[in-house]
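Trainee: Please see the structure below; I have some questions.
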Amino acid sequence: MRNLINITDFTVEELQALMDKALDIIAKPQEYAQSCKGKKLASLFFEPSTRTRLSFEAAMHELGGSVITVSGAAGSSLSKGETLADTARMISCYADICAVRHNLSGSARVMSKASSIPVINAGDGGHYHPTQTLADILTIYREKGGLSGLTIGICGDLLYGRTVHSLIAAMSRYEGNSFVLISPEELKLPEHVVEKMKADGIPFEETADLEEALPKLDMLYMTRIQRERFENPKVYERLAGSYILDARKMHYAKKDCIVLHPLPRVDEISTDFDSDPRAAYFREALNGKFMREALILKLLAEKDLPAQEENIYSDPRFVCVNHKCVCTHERGIKHEVYYDADGTLRCAYCDEIIEA
Amino acid sequence: MRNLINITDFTVEELQALMDKALDIIAKPQEYAQSCKGKKLASLFFEPSTRTRLSFEAAMHELGGSVITVSGAAGSSLSKGETLADTARMISCYADICAVRHNLSGSARVMSKASSIPVINAGDGGHYHPTQTLADILTIYREKGGLSGLTIGICGDLLYGRTVHSLIAAMSRYEGNSFVLISPEELKLPEHVVEKMKADGIPFEETADLEEALPKLDMLYMTRIQRERFENPKVYERLAGSYILDARKMHYAKKDCIVLHPLPRVDEISTDFDSDPRAAYFREALNGKFMREALILKLLAEKDLPAQEENIYSDPRFVCVNHKCVCTHERGIKHEVYYDADGTLRCAYCDEIIEA
Amino acid sequence: MRNLINITDFTVEELQALMDKALDIIAKPQEYAQSCKGKKLASLFFEPSTRTRLSFEAAMHELGGSVITVSGAAGSSLSKGETLADTARMISCYADICAVRHNLSGSARVMSKASSIPVINAGDGGHYHPTQTLADILTIYREKGGLSGLTIGICGDLLYGRTVHSLIAAMSRYEGNSFVLISPEELKLPEHVVEKMKADGIPFEETADLEEALPKLDMLYMTRIQRERFENPKVYERLAGSYILDARKMHYAKKDCIVLHPLPRVDEISTDFDSDPRAAYFREALNGKFMREALILKLLAEKDLPAQEENIYSDPRFVCVNHKCVCTHERGIKHEVYYDADGTLRCAYCDEIIEA
């Protein structure tokens, strides 16, 4: 059985197949309108969401399926002390596939190990959000005609932005892509992501200047800078305006430079840019729904395939202490670790470094 | 594309067509059981509700459609700073029609301007609640055989009661109706509604005495008087009992005087009256469901018709400052105003007077 | 019209018919996939729940029906002062059957008296939870091949555990069953339940020693002991470990002694026992869904049958004062009482003794 916990769970060929399927659904929706008749999606949003949850639910309905929903953790069995593993066993009795959002890193992985139905990670804390990346790549594919040879600008919160890390991981797998990383000094891409790009030979530059970067870009991925990320609010005040995109600044961008944003946006993209044909962020929301349809069909079809292999180890000496990881919260969890490309020991749930 | 923001958005002919459709659905429900197959209603109750939300959802299911739900604003993208306009663009990707309840006046109108799917106002703050009026008029039509020539009593909170204002606006359009307005002095009908009735030549009287008014009425619309409306709780205590309806008082009403209430009722209608054939408030709840079915069918059928024209102006000098209006909350909103029948300048979102 | 408020509402024959139907649904799910087409279940969880609610909703979907949901009481019409009776009348307009969970004892009964659709009690405070008992008995029936001649261990909180009282009531009706009641002194079975077993001639023993009891049992029903039940937390600390089940202790149980738990479990069953074939608690969750399907079909089919007769009296001298009972909260409620087998006067809503 296959799950989707991290965008890298799927090969480049699998991602192409998903995009091809999404395009077929867009072209011929009626052919898919009964594909999931009699099937149920469990929409488990222990951390509430509007967009992602409604996108999944709309996707299942468009495939002719049904939905059972949990929105919020209050009063749920989790709040009564039930483990995520037990929740997964329980939901396996009631649904055929589930999408899970939870505030702890690694929560979707824990559930997938106990579940007998496919699990889709709809956002595990600050860790991964792979279906956003599916929305992103279909959008780039449709708007740019492919996923290769692009100068990709990413702007805003590159340190905490989980969709940023996923997008880089995904787009690094295609030929001829380079990145322009635009952020305040305080929110630069984490060291380990930078190191991986270097190790993979991916060209990139880092800059704090959005306007100066714009003319170089084939696409720009905007993210929100949150006030809470700054200990000193004055630093936020000083910085915030420099990372706002508007029609005036986009005047200096290429005529075919598309702008993406995972949404919701607050003020980092001015509404005066919305009517520009390069504004692709609402088309992105629509693409996300179709990719989720393709994903649901794939995982249901592959129920009997073996799960992906992982080079995972368990050793009582290696314990994750990250307070944001499910490892420090889930009763009875079996700690698992792996060695990354640099030989660094990391937690298999949250990917943080394990101090041996 | 048509929306329903205010009951006056529909002509008298359109309301008649809705009632005729509702009656046909009541008579032949099986003919409509697949009418909305493959369609989705977004049930967006940012301000939670039981009755109105379940009524809309039941209506969509009875038409063979599906529903995606938001109940409460906590954890929603709105709470993350997303505008209502962006929420509308987003929901246009996931549903075919939406019903919205929100605590700000004008919220449904803002969404309808950005949305590419029909928007139904399910209650925007203290402003409008047009589908309640649809339930009211179908009930009067069925119980009284028509909407004309009636002496209509309205009792309770006439000042804040949004359903009261809507009902008066709707029933004023039919021949030969007159109103008996029954309320404490503190909760009398607002000046502008009184002025409009006078200008339209609608006969009415105002009284504080329910028992004295009862024998005159062909129908009585009861509303709840809330304690919180009175600065001095003692005034509430003194008043509350005078506006309670019970079997004893109804002894003095006409034998065919029906009693309506938008529900939920607390104590303003005694349960000892429930079994009286003139108690129509639960039949009203059922009628509301059928009118919502007819409404959904109409708006989906009219997706390609142009929106109603409005004589709306934008002028930077004219800014709404009503703190209960979406204008003072929605980032990037374009203030819009109009001149009412008296030539008074009003906000197009909340209908309050604009100080020029 | 039939409802399910208390497991004893159904005869032994009716329970057998439900189990037979559930087994048929398990064997031939496709035959039932359209049974409830066009029907709606109202899933009214004023007290939120994950498992029970999702079980009901999954059940209705598997029968081809639709669901409308209330989860939590915040913002509901109940929180605006609406009575449960009015809520029942309202929901009768929108659904064909409803399942209700609420924190007050007797809440489901109040609703069933005002409702014109069948009402299923999904948990009324600490009072009853009859559909859990349906899950329990189907599990015992499937795992043990019948419901008779069993030595039934029940462990944990026997004082407050509503599923415990229901299970005893249900299993006492079958031939040759005896009970081993395992609990701390502070959480022993309530006097009135003990007295009833004696009066019915049901063999039982009470012990505080789980390990000593294990070898005698054909089945063991585990329940959670909650810290909040003890005024003195030190007593809880001292006791808690003695009522935890694990693989080591189960070594001393019979090879065919099954273990049930209503879930969610916290730590009272160690995960090291989960892979043992005698661990039946997740199979129990699945059985619960199928019994709910059989129950929905039964109640919809029997809509026109008369309700069960009750020997109920109303007398203004007899008033329930239990603050956890709907009688002390529901405006306009008609107090009802009955005489139990001992001639003791009890409230018909919450079953507590009425001081005359």
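Read top to bottom, the protein sequences are chains A, B and C.
Using the numbering used here, the letters of the first sequence correspond one by one to residues 1 to 356.
Using the numbering used here, the letters of the second sequence correspond one by one to residues 1 to 356.
Using the numbering used here, the letters of the third sequence correspond one by one to residues 1 to 356.
All C-beta atoms in this analysis are idealised placements derived from N, C-alpha and C, irrespective of residue type, glycine included.
Nothing here was measured: the structure is a model prediction, and the numbers come from that model.
Would you list the residues sitting across from residue 180 of chain A in a DSSP beta bridge?
Mentor: A:153 and A:205
Trainee: Between residue 104 of chain C and the rest of its own chain, which residues show a CB-CB distance below 7 Å, the 5 nearest in sequence each way excluded?
Mentor: Excluding residues within five positions, the ones whose Cβ falls inside 7 Å are 124, 125, 324, 325, 326 and 329.
Trainee: Taking the alpha carbon of residue 137 of chain A as the point to measure from, which residue in A:94, A:118, A:116 and A:173 has its own alpha carbon closest?
Mentor: Of the residues A:94, A:118, A:116 and A:173, the one whose Cα lies closest to the Cα of residue 137 of chain A is A:173.
Trainee: Taking the beta strand (DSSP E) that residue 69 of chain A belongs to, which residues open and close that run?
Mentor: From DSSP, the beta strand (DSSP E) with residue 69 of chain A extends over 66-71.
Trainee: Are the beta-carbon atoms belonging to residue 283 of chain C and residue 50 of chain C less than 8 Å from one another?
Mentor: no
Trainee: So, is the C-beta of residue 86 of chain A closer than 8 Å to a C-beta in chain C?
Mentor: Residue 86 of chain A counts as touching chain C.
Trainee: Are the beta-carbon atoms belonging to residue 150 of chain B and residue 256 of chain B less than 8 Å from one another?
Mentor: no
Trainee: Using CA coordinates, which residue listed in B:177, B:47, B:128 and B:164 is at the minimum distance from residue 144 of chain B?
Mentor: B:177
Trainee: Please name the residue in C:48, C:235 and C:100 whose C-alpha comes closest to that of residue 77 of chain A.
Mentor: Among C:48, C:235 and C:100, the Cα nearest to that of residue 77 of chain A is on C:48.
Trainee: Could you compute how far the alpha carbon of residue 153 of chain B sits from the alpha carbon of residue 80 of chain C?
Mentor: 25 Å
Trainee: In chain order, what residues of the same chain lie with their CB nearer than 6 Å to the CB of residue 115 of chain C, ignoring the 5 residues before and after it?
Mentor: 88 and 92
Trainee: Using DSSP bridges, identify the partner residues of residue 220 of chain B.
Mentor: B:153 and B:259
Trainee: Where does the unbroken alpha helix (DSSP H) through residue 61 of chain A begin, and where does it stop?
Mentor: Residue range 51-62 is occupied by the alpha helix (DSSP H) that includes residue 61 of chain A.
Trainee: Can you tell which of A:184, A:199, A:317 and A:170 has the C-alpha that lies nearest to the C-alpha of residue 14 of chain A?
Mentor: Here the closest residue by C-alpha is A:170.
Trainee: Using the Cβ count rule (16 or more neighbours within 10 Å means buried), how would you classify residue 82 of chain B?
Mentor: buried
Trainee: Give, in chain order, every residue of the region 39-53 of chain C whose Cβ lies closer than 9 Å to some Cβ of chain A.
Mentor: Of all residues in the region 39-53 of chain C, 45, 47, 48, 49, 50, 51 and 53 have a Cβ within less than 9 Å of some Cβ in chain A.
Trainee: Could you check whether the region 205-212 of chain B touches the region 179-191 of chain B, counting it as contact only if at least three pairs of C-beta atoms, one from each stretch, sit closer than 8 Å?
Mentor: yes
Trainee: Would you list the residues sitting across from residue 279 of chain C in a DSSP beta bridge?
Mentor: According to DSSP, residue 279 of chain C bridges with C:259.
Trainee: Mapping the DSSP letters down to three states, classify residue 162 of chain C as helix, strand or coil.
Mentor: helix
Trainee: Taking a cut of 7 Å between CB atoms, which residues from the region 5-27 of chain C lie near chain B?
Mentor: none
Trainee: For residue 112 of chain B, which residues from the same chain have a beta carbon less than 7 Å from its beta carbon, with the 5 sequence-adjacent residues on both sides left out?
Mentor: 3, 5 and 119
Trainee: Among A:31, A:62 and A:182, which residue has its Cα nearest to the Cα of residue 213 of chain A?
Mentor: A:182
Trainee: Kindly indicate which residue of B:258, B:160 and B:133 has the alpha-carbon position closest to the one of residue 52 of chain B.
Mentor: Checked all of B:258, B:160 and B:133; the closest Cα to residue 52 of chain B is B:133.
Trainee: Can the beta-carbon of residue 238 of chain C be found closer than 8 Å to that of residue 265 of chain C?
Mentor: Using a Cβ distance threshold of 8 Å, residue 238 of chain C and residue 265 of chain C do not count as a contacting pair.
Trainee: Could you check what DSSP says for residue 116 of chain C in three-state terms: helix, strand or coil?
Mentor: coil
Trainee: Could you work out which residues of chain B lie near residue 82 of chain C, taking near to mean beta carbons separated by less than 9 Å?
Mentor: 50, 51, 263, 264, 265 and 266
Trainee: Return the residue from the list A:248, A:61 and A:334 that minimises the CA-CA distance to residue 42 of chain B.
Mentor: Checked all of A:248, A:61 and A:334; the closest Cα to residue 42 of chain B is A:61.
Trainee: Helix, strand or coil: how does DSSP classify residue 345 of chain C here?
Mentor: strand
Trainee: Counting only Cβ-Cβ distances shorter than 7 Å, please list the residues of the region 118-140 of chain A near chain B, keeping chain order.
Mentor: none
Trainee: Leaving out five residues before and five after residue 273 of chain A in sequence, what residues of the same chain have Cβ atoms less than 8 Å from its Cβ?
Mentor: 245, 246, 247, 250, 259 and 279
Trainee: Quick one: complete beta strand (DSSP E) runs, 3+ long, within the region 310-345 of chain A?
Mentor: Counting whole runs of 3 or more residues, the region 310-345 of chain A contains the beta strand (DSSP E) stretches 337-339.
Trainee: Give the residues of chain A in contact with residue 55 of chain C, contact being defined as C-beta atoms less than 8 Å apart.
Mentor: The answer, in chain order, is 93 and 94.
Trainee: Just to make sure I have the definition right: I need the residues of chain C whose C-beta is within less than 9 Å of the C-beta of residue 282 of chain B. Which are they?
Mentor: For residue 282 of chain B, the chain C residues whose C-beta falls within less than 9 Å of its own C-beta are 86, 89, 90, 92 and 93, listed in chain order.
Trainee: Cβ of residue 332 of chain B less than 8 Å from any chain A Cβ?
Mentor: For residue 332 of chain B, the nearest beta carbon of chain A is closer than 8 Å to its own beta carbon.
Trainee: Ends of the beta strand (DSSP E) at residue 247 of chain B?
Mentor: Residue 247 of chain B -> not in any beta strand (DSSP E); alpha helix (DSSP H) instead, spanning 247-250.
Trainee: So residue 72 of chain C contacts chain A; which residues on that side make the cut at Cβ distance below 9 Å?
Mentor: 72, 74 and 75
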